[in-house]
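One structure is given here, and the rest of the page talks about it.
Number of protein chains: 2
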Amino acid sequence: MSNSKLYKGSLNTIILKLLNQHDKMYGYEITQKVKALTKGELNITEGALYPALHKLEAEGLLDVEIAKVDNRLRKYYKLTESGTKETVNKLEELAEYIKTMQALVSPKLA
Amino acid sequence: MSNSKLYKGSLNTIILKLLNQHDKMYGYEITQKVKALTKGELNITEGALYPALHKLEAEGLLDVEIAKVDNRLRKYYKLTESGTKETVNKLEELAEYIKTMQALVSPKLA
DNA sequence: TTTGCATACCTAAGAATCTTATACATAAGT
DNA sequence: ACTTATGTATAAGATTCTTAGGTATGCAAA
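For the protein sequence lines, the chains are P and Z, in the order given.
For the first sequence, position 29 matches number 29 in my numbering, and the numbering has no gaps at all.
If you want my numbering, it's the position in the second sequence, counting the first as 1, plus 1000.
Below, the structure written as structure tokens:
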């Protein structure tokens, strides 16, 4: 997909879901994970990812924990309680969006 | 869904697909059709629709035909040849997006 | 009769989310 | 010495939307 316009708005859902499954992750790890899971089709850019992480943190959905590995900085993010709740909402929203789009696009109904 | 953020980027796909199925439609008709097909869940706003239609026209994907019905103006849009091709692309993109998102979000794979 | 709703078009300001480009820094390979 | 990988970050610009207005006709209800 190489970041189709449809991807817009999905980044938060992706971040929250990955953190829901992996307990804690750092930014670079998220970009690599997404690349791997989508076989290179979706590449999260840093310019989108880091501001998104900061915003989710500011909203109280994520907690940060700074670590130093191999003399390099890492910022591990994990879901807060309200982050876990929001993950459920976002996933429901995604399911609903897909359902709605299929209703609009499937030839039998329109 | 009341226009979730995921909807961003989907409008062109929706417009093209509807025009692909209905030959010609005017703006207001599109908003009503979408509302009906999604049972009121998705409401295309005019502030999004009209600029989108104008842009698709400027890109050569749509042709316009002005009509007057009940003394009221209507602008009928229909797909051009390249608009029909682009519709196929957009629908493939949507299918791919959904597949990719499911790969990221389905618990069994991540 | 005038008030409101449906029909029908339009644009402008602002918000949100992304891309692109750039910057900084360490480690490891060529 | 140079490039690639790892790791973070921000700023300028593009795109796409929402919100809020504007214009106008037809019809029904108060």
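Glycine included, each C-beta is placed from N, C-alpha and C at the ideal position.
Backbone CA spacing between Glu1029/Z and Ile1044/Z [nearest angstrom]: When rounded, the distance between both Cα atoms is 11 Å.
Helix, strand or coil at Ala110/P according to DSSP, with G and I counted as helix: Bear in mind that the predicted position of Ala110/P carries a pLDDT of just 48, short of 50, making it unreliable; the figure below should be weighed with that in mind. The answer is coil: DSSP assigns Ala110/P none of H, G, I, E or B.
Proximity test, Cβ basis, 8 Å: Ile30/P and chain Z: no
Burial state of Val64/P (16 or more Cβ within 10 Å): Counting Cβ neighbours within 10 Å, Val64/P comes out exposed, since fewer than 16 surround it.
Leu1006/Z and Tyr97/P closer than 8 Å at C-beta: yes
Own chain residues within Cβ distance below 7 Å of Ala1110/Z, not counting five before or after: Note that Ala1110/Z has pLDDT 48, beneath the 50 cutoff, so the model's placement of it is unreliable and no number is given.
Interface residues of the stretch 88-104 of chain P facing chain Z [CB-CB below 7 Å]: Those would be Leu91, Glu93, Leu94, Glu96, Tyr97, Ile98, Thr100, Met101, Ala103, Leu104, in chain order.
Near-chain Z residues of the stretch 28-58 of chain P - C-beta to any C-beta below 9 Å: Lys33, Val34, Leu37, Thr38, Lys39, Glu41, Leu42
Rounded C-alpha distance that separates Glu1117/Z from Lys8/P: The requested residue 1117/Z does not occur in the structure, where chain Z is confined to residues 1001 to 1110.
Whole-number beta carbon distance between Leu1079/Z and Leu1061/Z, since they are thought to touch under 8 Å: 7 Å between Cβ atoms; contact.
Below-8 Å beta-carbon distance, Ile14/P vs any chain Z residue: yes
Closest residue to Glu46/P among Ser4/P, Ser82/P, Leu11/P (Cα-Cα distance): Leu11/P
Residues near Asn1020/Z in its chain [Cβ-Cβ closer than 8 Å; skip 5 each side]: Leu1079, Thr1084, Thr1087
Top-ranked residue by Cα proximity to Leu94/P, from Leu1037/Z, Thr1100/Z, Tyr1026/Z: Thr1100/Z
Ile1014/Z, DSSP secondary structure in three states: helix
Short CB-CB distance (under 8 Å) between Leu1006/Z and chain P: Interface residue, yes.
Residues that Lys1078/Z contacts on chain P, provided the C-beta gap is smaller than 9 Å: Within chain P, no residue comes near Lys1078/Z; the closest Cβ sits about 16 Å away, beyond 9 Å.
Interface partners of Ser1010/Z on chain P, CB under 7 Å: Correct list: Leu6, Met101.
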